[in-house]
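Sequential numbering of the sequence shown, starting at 63, is according to this note's numbering. Yeah, the Cβ is synthetic: ideal placement off N, Cα and C, and Gly gets one too. Below is one structure, written out as structure tokens, with a few remarks after it.
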Amino acid sequence: MENKLGLYKFNQTLLLGFLLLGGLYLGKTFLIPVFIAALIAMLLLPICSKLEKLGFNRIFAIISCILIFLTILIGIIYLFTYQIIGLSKNLPFFANRIQEVLLKLKDFIAENTRLSHNDISSYIESSIRQIVDSLGSYIQSVLTITTGVIVNFFLVLIYIAFFLAYRERIENFILKIAPENEKEKTDKIIKSCTSMSISYLSGILTVSFILSVSNAIALTIFRIEYALFFAVLAGILNIIPFVGTFLGSILPVALALLTKDSIWVAVFVVIYFTVIQYIESYFLTPFIVGGKVRVNPLTEILALVLGGVIWGVAGMVLFIPLTGLVKVLFDHIEKFEPFAYVIGREDVPKTSKTGKKIKYWFKK
């Protein structure tokens, strides 16, 4: 009887899990902007609270926070637009360089294999045709996504404003629906979730900023054109765990191969990004971010993959902090403690003195 009851509970939990994942997938158009806005609102919450403590009314404080967010965002967009325009002007040069590289590659293959020049040329042409076709469909999908992003962007701003304006009301609503004997625990969960989100997001942004500066210095030393653009892009892509730095290194390596006479420049760029990936993974992120999400690496990878499957790129970024929030909930609910244990980590690295100073400086 006990075995049947245990199996029933397991099946019930499994069914609820599948229903939740199905709901997340079907509701992604609505949920992604809401979750993005909620995380940004949590990041802006300390600034908003500080302005209110200084005597500013809530509306002015919220408008100020949104203006700060927009200023930073517009600055990044302007940088990207300016650099992309410069890159587009050099497209004929890049096309010629690609042709030269392909000719050298064709000669190399012909000298070292039994294939004729015609066979190699037809293979290269078909490969290029496939790449161009893929790029065409990719650009079309990017334009579609961009239109959606612009629409969702205004929604996100509205959500941020209302999340900041009604934060006490939302908290009181959660406390009101909680059982009387669970109100203290519920309040503790809310505070833990808010603290974890703020610490994690501010830490990730700090790491991205440090990497952007480091990338800019390194790429300038290697004399890579548009170094600032590639540096900031790689720093932003680092928000995507595990693969962000690798994705950010592809374009500068490709540009080094196309624009530099020596292959060693590209090799040095690869070495730099490999080293900076190691430093970020084992020093910067553990010391600055710490173990704020408090989930183990296996869970992070699963969250990354699952987020990508359900919500695409947005899911790859959002699912790790969301998993951290779920972990906080499971920690405070007795029947879910086994799940908290299996996704959690015991060896949470302590933040170094340097990390604490950096975080304190950003909180001031």
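* Is the distance from the Cβ of Tyr248 to the Cβ of Met104 below 8 Å? -> According to the sequence displayed, residue 248 carries Thr and not Tyr. No, Cβ-Cβ distance for Thr248 and Met104 is not below 8 Å.
* Close Cβ partners of Val379 (< 8 Å) along its chain, the five nearest in sequence each way excluded -> Closer than 8 Å at Cβ, skipping near neighbours: Ile301, Ile302 and Gly369.
* **Cβ separation of Trp326 and Ile94, assumed to be a contact under 8 Å, to the nearest whole Å** => By a beta-carbon distance limit of 8 Å, Trp326 does not contact Ile94. Their separation comes to about 43 Å.
* Asked: Is it buried or exposed for Thr416, if we count other Cβ within 10 angstroms and need 16 for buried?
  -> The predicted position of Thr416 is uncertain, since its pLDDT is 49 and thus under 50; a value taken from the coordinates is nonetheless stated next. When all chains shown are included, Thr416 counts as exposed.
* To do: Could you check the C-alpha separation between Leu319 and Leu313 for me, to the nearest Å?
  => 10 Å
* Asked: Applying the criterion that 16 or more other CB atoms from any shown protein chain within 10 Å of the CB defines a buried residue, is Ala328 buried or exposed?
  -> buried
* Which stretch, first to last residue, makes up the alpha helix (DSSP H) that contains Asn158? -> Leu153 to Asn174
* Simplified DSSP state of Gly306, which is helix, strand or coil -> helix
* To do: Give the straight-line distance between the Cα atoms of Leu78 and Ile298, rounded to the nearest whole angstrom.
  => 35 Å
* Alpha carbon to alpha carbon, how far is Ile279 from Ile139? -> 21 Å
* Pairwise C-alpha distance: Cys110 and Ile125 -> The straight-line gap from Cα to Cα measures roughly 9 Å.
* Give the secondary structure of Gly386 by DSSP, where H, G and I count as helix, E and B as strand, and everything else as coil. => In the structure shown, Gly386 sits in a helix (DSSP, three-state: H, G or I).
* Residue range of the alpha helix (DSSP H) that includes Gly369 -> Residues Pro359 to Trp373.
* Three-state secondary structure (DSSP) of Gly117 -> coil
* Please name the residue in Leu219, Ile251, Glu399 and Asn243 whose C-alpha comes closest to that of Glu233. => Ile251
* Asked: Looking only at its own chain, which residues have a Cβ that is under 7 Å from the Cβ of Arg407, when we skip the five neighbours before and after it?
  -> Gly353, Arg356, Val357 and Asn358
* Alpha carbon of Leu129 to alpha carbon of Glu242, nearest angstrom -> 40 Å
* If you run the structure through DSSP and keep just helix, strand and coil, what is Gly406? -> In the displayed model, Gly406 falls within a strand according to three-state DSSP.
* Reduced DSSP category for Gly89 - H, G, I as helix; E, B as strand; rest coil -> coil
* Just to confirm, are Pro108 and Ile260 a CB contact at a threshold of 8 Å? -> yes
* In angstroms, rounded to a whole number, what distance separates the CA positions of Val163 and Val332? -> One C-alpha to the other measures close to 19 Å.
* To do: Determine the closest residue to Ala442 out of Leu226, Leu366 and Tyr185, with distance taken between C-alpha atoms.
  => Examination of residue 442 is not possible in this model, given that the chain is present from 63 through 426 alone.
* To do: Have a look at Tyr262, Leu165, Asn119 and Lys90 and flag the residue whose alpha-carbon is nearest the alpha-carbon of Ile350.
  => Tyr262
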